Structures are given as structure tokens and as C-alpha cells.
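Heads up: the sequence shown runs through residues 1 to 237, numbered per UniProt numbering.
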Amino acid sequence: MSTSENRSKKYKVLFFDLDRTLWDYRANSEQTLKDLVTKHTPELVERFDKFLATFYDVNESLWLEYRNGRLSKDKLSTQRFIDSFKRLGVDAKPFAEEFSNDYITESPNKTKLFPKTIETLEYLKNAGYKMFLLTNGFVEVQKVKIRDSNLEPYFETMITSEEAGYQKPNEKIFEFALQIVKAEKTDCLMIGDDLESDIEGAQNFGIDTVFFNPAGLVHESVPTFEIKQLDELTKLL
């Protein structure tokens, strides 16, 4: 029996966020958007950095609307591109739906993960932890990401806001997750990069947390643990 198997573990179940925690959303979306801007609006290639910054700003704002139930999934998918291009003086309505479909199809195929993701998951799986993905992302998109990035073998299943009917940080999604994993709150640990959705959401429900903070963000939240690199989990757990 390995040393890791002999350790006394407080936690039995690990919930992982996906985007920006394991799957490198920024790197993967940037490459996808660069390809699509070149395809659909080559006149903006020289202004791609401006478009990218604009898209991230618009996307974050509209995702908040979606998370709060004020925007539909379909509306979010296309409106984020219409609004982003509009800020740069481009009417994207004629091609927004095609651009959105291309993005949703191509982005999940990108496979850049944060450093030490696979090694860390391998360690935790061998140590006996049951691991689950808990994500607000679109089901069909997230399934492709975990398949193409070779994350599937490490997780029991993926729990999504779409099937739960609630999004993080709503406590109902964490309650839904506990019903699926059949565990007590004290047995579980939530690992994620979003202070509101992942950390405060889980803590308000009574689940301990690990804030993944690779950028060293200064904040006032009080997660149970905080790490800058994923492999720090192998020392915590």
C-alpha cells in the first residue's frame, strides 16, 4: 500500500470546477477566437488584441446575466459576439450565429490544461479520492472538453448546472451534487478559481474549499485553502 493510501483523509469527495481551474479557458479560447476572426472578419486581425479584451469583458458580463436567470443560453451564445463586434464598429448580426456555432464547436477541441493537471489528478485518484466535475458550463461543450483533454478517466461523472437546474453559487446545485455523490458535506472539498461561484457558493452551503489562484489575486474571501499551482493539492491531501 502506498504512502498516499495510508494517509488519514478528512475528505473523501473532491469537486472540481473545469474552466479556468483544470481547462485553460484563456489560452484555448484565444486560439479559437484568433482562428475565427481570421475567417469571418480578416479586417480585424490587426486589432485582435482589442477584440479579445472586449470579448472577455462582454462575455463575463453576459455570463453573469445568464447565471442570474436574466438571459437564455441561446441568447448568450450569440449576443456576446454581436456586442463585442459592435464595440469595434462591426455589425455582426449577419454572421453572429455562424460565428457562435463555430466557437462552440471548435473551442472545446482545444486541449491546453493548467500545468500539472494530469499528474495531480493521477495522484489524487491513486490516493483513493472520488472526484467529480461541478460546472456551470454548457453540457455539450463540457463533455467535449473533458473527452479531448483526456480528463474523463479521473472523474466519476460531471455534474452540470443545466441538469441541476441551478448555477453555482446557488446552494441548490451543491445540494444536488451531494445527492448524486451520496456524501456528507464534511466529506467534500470544492476546488475552483471563482471566488463567488466556487468558493463562496460552496462555503455558504457548508463545504470546505480550495481557491485556485494562479494569478495571485488579492481578495478578502477566506477559503479553507488557497493554492497557486494545482500540484499543491498533493501536499494538502
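Even for Gly, the Cβ is constructed at its ideal location relative to N, Cα and C. All values reported here derive from a predicted model rather than from experimental measurement.
Which value, in whole angstroms, describes the spacing of the CA atoms of residue i and residue j?
{"i": "residue 302", "j": "arginine 20", "result": "With the chain covering only 1 through 237, there is no way to say anything about residue 302."}
{"i": "glutamate 232", "j": "proline 214", "result": "11 Å"}
{"i": "aspartate 17", "j": "glutamate 65", "result": "20 Å"}
{"i": "isoleucine 82", "j": "aspartate 91", "result": "7 Å"}
{"i": "aspartate 24", "j": "leucine 113", "result": "5 Å"}
{"i": "leucine 195", "j": "threonine 38", "result": "34 Å"}
{"i": "alanine 127", "j": "glutamine 167", "result": "30 Å"}
{"i": "histidine 219", "j": "glycine 165", "result": "29 Å"}
{"i": "leucine 44", "j": "leucine 71", "result": "28 Å"}
{"i": "phenylalanine 48", "j": "phenylalanine 225", "result": "37 Å"}
CB-CB under 6 Å to residue i, same chain, minus the five flanking residues each way: which ones, in chain order?
{"i": "leucine 14", "result": "Tyr129, Met131, Leu189"}
{"i": "lysine 125", "result": "Tyr154"}
{"i": "phenylalanine 85", "result": "Ala92"}
{"i": "proline 115", "result": "none"}
{"i": "leucine 76", "result": "Leu62, Tyr66"}
{"i": "arginine 80", "result": "Val58, Asn59, Leu62"}
Assuming residue i contacts residue j under a Cβ cut-off of 8 Å, what Cβ separation, rounded to an integer in Å, is found between them?
{"i": "proline 169", "j": "asparagine 204", "result": "7 Å"}
{"i": "glycine 206", "j": "aspartate 198", "result": "Actually they do not touch by this definition, with Cβ atoms about 14 Å apart."}
{"i": "arginine 87", "j": "threonine 54", "result": "5 Å"}
{"i": "threonine 234", "j": "tyrosine 103", "result": "No, threonine 234 and tyrosine 103 are not in contact; Cβ-Cβ is about 35 Å, not under 8 Å."}
{"i": "threonine 117", "j": "leucine 230", "result": "6 Å"}
Following the continuous beta strand (DSSP E) through residue i, name the residue where it begins and the one where it ends.
{"i": "isoleucine 159", "result": "157 to 160"}
{"i": "lysine 172", "result": "Premise fails: lysine 172 lies in the alpha helix (DSSP H), 171 to 181, not in any beta strand (DSSP E)."}
{"i": "glutamate 201", "result": "Residue identity check: residue 201 is glycine in the sequence provided, not glutamate. Note, glycine 201: premise wrong, no beta strand (DSSP E); alpha helix (DSSP H) at 201 to 205."}
{"i": "threonine 209", "result": "208 to 212"}
{"i": "threonine 120", "result": "No beta strand (DSSP E) contains threonine 120, which is instead part of the alpha helix (DSSP H) from 117 to 126."}
{"i": "threonine 135", "result": "130 to 135"}
{"i": "valine 13", "result": "13 to 16"}
{"i": "phenylalanine 225", "result": "225 to 227"}
{"i": "leucine 189", "result": "188 to 192"}
Note the first and the last residue of the continuous alpha helix (DSSP H) segment covering residue i.
{"i": "arginine 50", "result": "Note that residue 50 is lysine in the sequence shown here, rather than arginine. Lysine 50 -> alpha helix (DSSP H) spans 48 to 67."}
{"i": "threonine 38", "result": "25 to 40"}
{"i": "glutamate 152", "result": "Looking at the DSSP string, glutamate 152 is not in any alpha helix (DSSP H), and its letter there is neither H nor E."}
{"i": "leucine 233", "result": "233 to 236"}
{"i": "glutamate 97", "result": "96 to 106"}
{"i": "threonine 78", "result": "73 to 87"}
To which residues of the same chain is residue i closer than 7 Å at the C-beta, ignoring the five residues directly before and after it?
{"i": "phenylalanine 95", "result": "His40"}
{"i": "residue 261", "result": "Given that the chain is displayed from residue 1 to residue 237, the structure contains no residue 261 and the question cannot be resolved."}
{"i": "glycine 216", "result": "Lys228"}
{"i": "serine 29", "result": "Ser107"}
Handout entry: Inter-stretch contact at 8 Å, needing at least 3 Cβ pairs: the segment 94 to 113 / the segment 157 to 167
Key = Segments in contact, no.
Handout entry: Segment contact flag, the segment 139 to 148 with the segment 58 to 78, C-beta cutoff 8 Å, min 3 pairs
Key = no
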